[in-house]
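What follows is one structure encoded as structure tokens, with my remarks underneath.
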Amino acid sequence: MSKIRASIVAVLVLVGLALSSISVSAHYLNYSTWDHSTVIYKDILNSYSYELGLSAVAWDNAVGLLVSVAEESECSCDWDIQVGDAYYEGQSWWGKWSGTLWEELFVDLNEYNMSGGSTEKRRAVITHEFGHAVGGLGHHDESGRIMQSWVGDFYDTDGLYTLDSGTISEIDYLW
Amino acid sequence: MRSRITASGSARVRLIAALLGALIIAGMLWTGSSLRLFDGNTVNLFQSPAEPERIIAHATYGKRYTSLSQLLEESTSVVSGRIVQDSNSHLEGDGVAFTEAVLKVDHVLLGTDIVQAQEIVISQTGGFEPRIGKIVELELEPLMRVGEEYLLFVRPQGPRNPGKWVVTGGYAGRFKIQNGNAYRPTPDDPLAQARETLSRDWNGNSVQALESAIRNIP
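Protein sequences appear in the order of chains A and B. The opening residue of the first sequence carries number 3 in the working numbering; numbering runs sequentially from there. The opening residue of the second sequence carries number 286 in the working numbering; numbering runs sequentially from there.
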């Protein structure tokens with residue numbers, strides 16, 4: 003049932019983003035120009051497509067229709083952010099990102115930790131990682147921010163799983 | 286007369302050539318000097334080809350550990366020792382690199398599953414990733430290198446990796462020992478630093494005091 007729901011959401015997100023017109027105006031952040039970001043997901047049928055879709059929509063709204071998401075096998079485009087998940091046993095991180103901002107970024111999700119979390123918690127982690135990869139944000143350890151350094155703080159304590167008003171304001175200010 | 290002019294002219298040419306050469310070398314040193322090859326790749330002229338460039342990766346951890354007893358609750362042993370091997374790397378999942386460091390245990394502070402003088406394999410996130418073409422290291426968990434000394438809270442990595450260990454909480458259970466003092470990597474964000482009570486309490490403190498505090502955990 004959850005797979006069907008995940009597939010429906012993923013399809014809706016892909017269709018919605020395809021139909022929406024991507025802004026052509028350039029955005030500037032830290033002197034870098036960035037027109038839009040294409041996120042590809044390596045294993046969309048495997049686990050977190052539902053949470054990924056919701057997080058992408060949240061960021062898409064926040065940065066002004068700049069984010070498009072596609073499954074790796076369906077994407078013949080030049081991708082900017084590649085999201086993947088796997089079981090990295092014993093490692094304490096839930097998500098991490100590496101690479102070069104505005105060029106090629108890799109977001110890795112750790113199923114070892116993520117699989118034990120609720121849908122909202124997984125969504126919180128993905129939204130947080132997108133804050134780095136899509137929003138170009140660093141950590142912001144003020145209570146009530148999704149960009150706090152620890153999942154325990156932004157989700158377990160503050161209950162955040164999508165973008166908070168402070169982070170949206172920060173994005174508005176930066177962009 | 287003509288031969289004197291030629292001689293002084295050629296000396297001038299040699300001087301200009303030497304100056305130009307020195308300028309080019311200085312410029313390469315200044316810029317980090319990479320040379321673009323015909324195949325489109327670049328090589329760094331002043332970096333050993335055996336040592337690719339390093340890049341920092343940023344991780345989001347589940348829990349903020351605020352005390353030694355909290356770390357101990359999720360560890361099976363607390364040990365100190367020196368890294369004797371650091372070169373065994375492999376890729377997992379979507380191309381994430383892991384490097385195994387071997388720690389020769391000098392002291393077992395707590396726990397019964399590791400004995401003194403044992404060499405334990407510690408699995409760390411990081412290493413050379415072909416997808417990026419660089420050595421990736423986590424910001425708060427730089428790869429442990431041969432010769433470095435550590436005090437570590439550890440636990441078995443899990444059933445899929447028998448005989449291997451991980452540091453509890455990633456960077457949280459890791460104290461680097463230098464000149465008799467313990468050091469911990471700390472986050473950049475000042476607000477995160479304020480919340481990092483373990484770093485605040487122990488960063489730069491004596492290892493003896495740290496060991497004593499660990500042994501006295503009720």
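Every residue, glycine too, gets a C-beta built ideally from N, C-alpha and C. As the structure is a computational prediction, the values presented were derived from the model and not from experiment.
- Residue 434 (chain B) has its alpha-carbon roughly 12 Å from the corresponding atom of residue 370 (chain B).
- At a cut-off of 8 Å between beta-carbon atoms, residue 58 (chain A) makes no contact with chain B.
- Within chain A, no C-beta atom comes less than 8 Å from the C-beta of residue 462 (chain B); the nearest is roughly 21 Å away.
- C-alpha of residue 462 (chain B) to C-alpha of residue 377 (chain B): approximately 30 Å in a straight line.
- At a beta-carbon threshold of 7 Å, none of the residues of chain A lie near residue 370 (chain B); the nearest stands roughly 19 Å away.
- Excluding sequence positions up to five before and after residue 53 (chain A), its CB lies within less than 7 Å of the CB of 121, 124, 125 and 128, all in the same chain and listed in chain order.
- Counted as a single uninterrupted DSSP element, the alpha helix (DSSP H) harbouring residue 167 (chain A) occupies residues 167-176.
- By the criterion of at least three beta-carbon pairs nearer than 8 Å, the region 139-151 of chain A is not in contact with the region 111-120 of chain A.
- Look at residue 171 (chain A): its C-beta is not under 8 Å from any C-beta on chain B.
- In the three-state scheme derived from DSSP, where H, G and I count as helix and E and B as strand, residue 468 (chain B) is classed as strand.
- Cβ neighbours of residue 353 (chain B) within its own chain (closer than 7 Å, five residues either side excluded): 498, 499 and 502.
- Between residue 152 (chain A) and residue 349 (chain B), the C-beta spacing is below 8 Å.
- Within the model, the alpha-carbon separation for residue 409 (chain B) versus residue 395 (chain B) is close to 22 Å.
- When secondary structure is reduced to three states using DSSP, residue 411 (chain B) falls in the strand class.
- In terms of Cβ geometry, residue 375 (chain B) and residue 383 (chain B) form a close pair [threshold 8 Å].
- For residue 346 (chain B), the enclosing beta strand (DSSP E) begins and ends at 339-346.
- Contact between the region 438-453 of chain B and the region 418-425 of chain B is absent: fewer than 3 CB-CB pairs across the two stretches fall below 8 Å.
- Around residue 122 (chain A), no beta-carbon contact reaches into chain B at under 7 Å, the shortest distance being about 15 Å.
- Ranking A:135, A:109 and A:113 by CA distance to the CA of residue 173 (chain A) puts A:135 first.
- As DSSP reads the structure, residue 417 (chain B) sits in no beta bridge.
- Of all residues in the region 438-460 of chain B, the ones placed with a Cβ closer than 7 Å to any Cβ belonging to chain A are 442, 443, 445, 446, 451, 454 and 455, in chain order.
- A residue is called buried once 16 or more other Cβ atoms fall within 10 Å of its Cβ, and residue 109 (chain A) is buried on that count.
- Not flagged as an interface residue toward chain A: residue 389 (chain B), since no C-beta distance is shorter than 8 Å.
- By a beta-carbon distance limit of 8 Å, residue 406 (chain B) contacts residue 385 (chain B). Their separation comes to about 5 Å.
- Unbroken beta strand (DSSP E) runs of no fewer than 3 residues, entirely contained in the region 426-488 of chain B, are found at 434-441, 449-452, 459-463 and 466-468, following chain order.
- For the pair residue 81 (chain A) and residue 343 (chain B), the CB atoms are not nearer than the 8 Å cut-off.
- Residue-level contact by beta carbon holds for residue 349 (chain B) and chain A, with a gap shorter than 8 Å.
- The C-alpha of residue 417 (chain B) is placed about 14 Å away from the C-alpha of residue 86 (chain A).
- Minimum Cα-Cα distance from residue 381 (chain B) among the listed residues B:451, B:368, B:412 and B:388 corresponds to B:412.
- Between residue 94 (chain A) and residue 347 (chain B) a beta carbon distance of about 6 Å is seen, short of the 8 Å cut, so the two are scored as contacting.
- Note: residue 368 (chain B) is bridge-paired with B:388 in the DSSP secondary-structure output.
- With a beta-carbon spacing of about 6 Å, residue 169 (chain A) and residue 147 (chain A) fall inside the 8 Å limit used to define contacts.
- Residue 464 (chain B) sits exposed, since fewer than 16 C-beta atoms from the chains shown fall within 10 Å of its C-beta.
- Of the residues assessed, residue 133 (chain A) falls on the buried side of the cut-off, its CB having 16 or more other CB atoms within 10 angstroms.
- The three-state secondary structure of residue 355 (chain B), taken from DSSP, is helix.
- Inter-residue distance for residue 439 (chain B) and residue 430 (chain B) is about 17 Å (C-alpha atoms, whole angstroms).
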